[in-house]
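Undergrad:
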Amino acid sequence: QNMLEELLIHKPDDPIQFMIDHLKRNNDDAPRICVLGPPASGKTTVAMWLCKHLDAIRISQETLLFKEILALTKEAKAYKERKEKIPNALWANLIQERLSNVDCIKQGWILEGFPENQEQAWMLQSSGIIPRHVVALYAPDTVLIERNTGKRLDPFTEEVYHTTFDWPSDPLVQQRLVTPEDLSEHEMSKKLLEYHRNFPGVFQIYQKVLKSINADQPSMDVLSQVLTYVQTRHRSAAPFTPRILFCGPPGSGKSLQAALIAQKYSLVNICCGQLLKEAVADKTKLGELVKPYVDNGYPVPDNLVMRILAERLNALDCMTNGWVLCGFPRDREQGQQLQKSHIIPNRYDIYL
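Right, dumping it as structure tokens:
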């Protein structure tokens, strides 16, 4: 999916070579996450924690301006020194330059506080920077203003603490904490107003991959919810052929549910036991091998079951319409044989 996105964005003259280079260069499983939210919502805490947990690279305004040596850093710093707003295009170019480095490509990235508005989001998308997950933290403005007044920063680690809610236990860390700039209530109110004005435009672009998480709860609860979300895989919108496996003990209702699902979605319903009986009744070559076991009430060897099952699941109707399977596998070894035969379900239903 990522490679297809890159093809649509860059439109290379030689698509085949572009795809080969992409596969050599890119790690499509690497995290690509944006952490958004109003001031004092905990973006830095969440982003740093995710970086440690996922071994990804954290990118923020501070890292881009003061920790990186990029071609456009000097130009961006000049705006900062003049206390002028850095243009959206310059931010987008800075981010694109940083994310094109090998560490971000291989390890993935956590983009903290970007994009700030819809224009930045469009610029990032047009540059091929498309996050897989967007986390939007939220909390009441009164809570955020209260948090802001007690906010303290560790200049060595860039970790954020709070005089009331999250004070460090280490005396050395306590001594080196500093008060961040722009902590006045007036400045905070201005920033909150700007955020609330810009966020709907950002939400519109990322709504399919965005999850809002309440930041007004214990930090470990917030981090747990964020991690659970960023580790999920979004369902692809591409069409697929259903391959559904029903598992469960005798009497659990799996055969009935399999039949109902197959009927509702026009899938081929395959019951392993019934399939063996049909093979015997049809007097196929495999059926003749299975017949002595069925007649004497002995378990049919797994290798024979797999041959009959593979032949049926590879038939045209199963390949075209999809299938629902129940009665196999019954144990771990049978499950491994199913995988070795390249029969891999894409949906599992377990009845206990």
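Taking my numbering, the leading residue of the sequence shown gets 48, the next gets one more, and so forth.
A virtual CB, placed ideally from N, CA and C, is assigned to each residue, including glycine.
Quick caveat, the model's predicted, so the values are computed rather than measured.
In the structure shown, what three-state DSSP assignment does Trp-370 receive?
TA: Strand at Trp-370.
Undergrad: Pull the bridge partners of Tyr-208 from the DSSP assignment, please.
TA: Per DSSP, Arg-199.
Undergrad: Tell me which residue opens and which closes the alpha helix (DSSP H) that Asn-140 is part of.
TA: 135-146 is the extent of the alpha helix (DSSP H) around Asn-140.
Undergrad: Using 8 Å as the threshold, is the region 380-389 in touch with the region 303-322, meaning 3 or more CB pairs across them?
TA: Short answer: they don't touch.
Undergrad: So for Phe-293, helix, strand or coil by DSSP?
TA: Looking at Phe-293 - three-state DSSP - the assignment turns out to be strand.
Undergrad: Please specify which runs of the beta strand (DSSP E), each continuous and at least 3 residues long, are wholly inside the region 240-276, giving them in chain order.
TA: Listed in chain order, the complete beta strand (DSSP E) runs (minimum 3 residues) inside the region 240-276 are 257-261.
Undergrad: Should Gly-374 be labelled buried (16 or more other beta-carbon atoms within 10 Å of its own) or exposed?
TA: When all chains shown are included, Gly-374 counts as buried.
Undergrad: Pro-85 to Lys-153, Cα distance in whole Å?
TA: So the two alpha carbons sit approximately 30 Å from each other.
Undergrad: What does DSSP give as the partner residue(s) for Ser-80 in the beta ladder?
TA: The sequence as given places Ile at residue 80; Ser does not occur at that position. In the DSSP output, where bridge partners are listed per residue, Ile-80 has Ile-157 and His-180.
Undergrad: Tell me the residue span of the alpha helix (DSSP H) that contains Asn-343.
TA: First-last of the alpha helix (DSSP H) with Asn-343: 332-343.
Undergrad: Measure the C-alpha to C-alpha separation of Arg-194 and Ala-186 and round it to an integer number of angstroms.
TA: Computed Cα separation, rounded: 11 Å.
Undergrad: Buried or exposed: where does Glu-232 fall if 16 or more other Cβ atoms within 10 Å of its Cβ makes it buried?
TA: The residue is exposed, with fewer than 16 neighbouring Cβ atoms inside 10 Å.
Undergrad: Which residue's Cα is closest to the Cα of Pro-78: Val-341, Thr-196 and Pro-178?
TA: Out of Val-341, Thr-196 and Pro-178, Pro-178 has the C-alpha closest to the C-alpha of Pro-78.
Undergrad: Of the choices Lys-90, Tyr-126, Thr-91 and Ser-173, whose alpha-carbon is the least far from that of Lys-58?
TA: Ranking Lys-90, Tyr-126, Thr-91 and Ser-173 by Cα distance to Lys-58 puts Ser-173 first.
Undergrad: Do you know offhand how far Glu-159's Cα is from Val-277's?
TA: The straight-line gap from Cα to Cα measures roughly 14 Å.
Undergrad: For Asn-245, collect the residues of the same chain with a Cβ closer than 8 Å to its Cβ; drop the 5 residues on either side in sequence, then sort them by chain order.
TA: Closer than 8 Å at the Cβ level, and outside the excluded window around Asn-245, lie Glu-163, Asn-164 and Gln-165.
Undergrad: Please state whether DSSP places Arg-105 in a helix, a strand or coil.
TA: Three-state result, Arg-105: strand.
Undergrad: Suppose the cutoff is 6 Å on Cβ atoms and the five residues either side in sequence are ignored; what does the same chain contact list for Thr-92 look like?
TA: Counting only Cβ-Cβ distances below 6 Å, and skipping sequence neighbours, we find Val-207.
Undergrad: From the DSSP output, in three-state form, read off Ile-390 for me.
TA: Of the three classes helix, strand and coil, the one that applies to Ile-390 here is coil, per DSSP.
Undergrad: Could you tell me if Arg-105 is buried or exposed, where buried requires 16 or more neighbouring beta carbons within 10 angstroms of its beta carbon?
TA: Buried is the call here.
Undergrad: Look at Leu-112 and Lys-124 and say whether their C-beta atoms are less than 7 Å apart.
TA: In contact: Leu-112 and Lys-124 (Cβ atoms closer than 7 Å).
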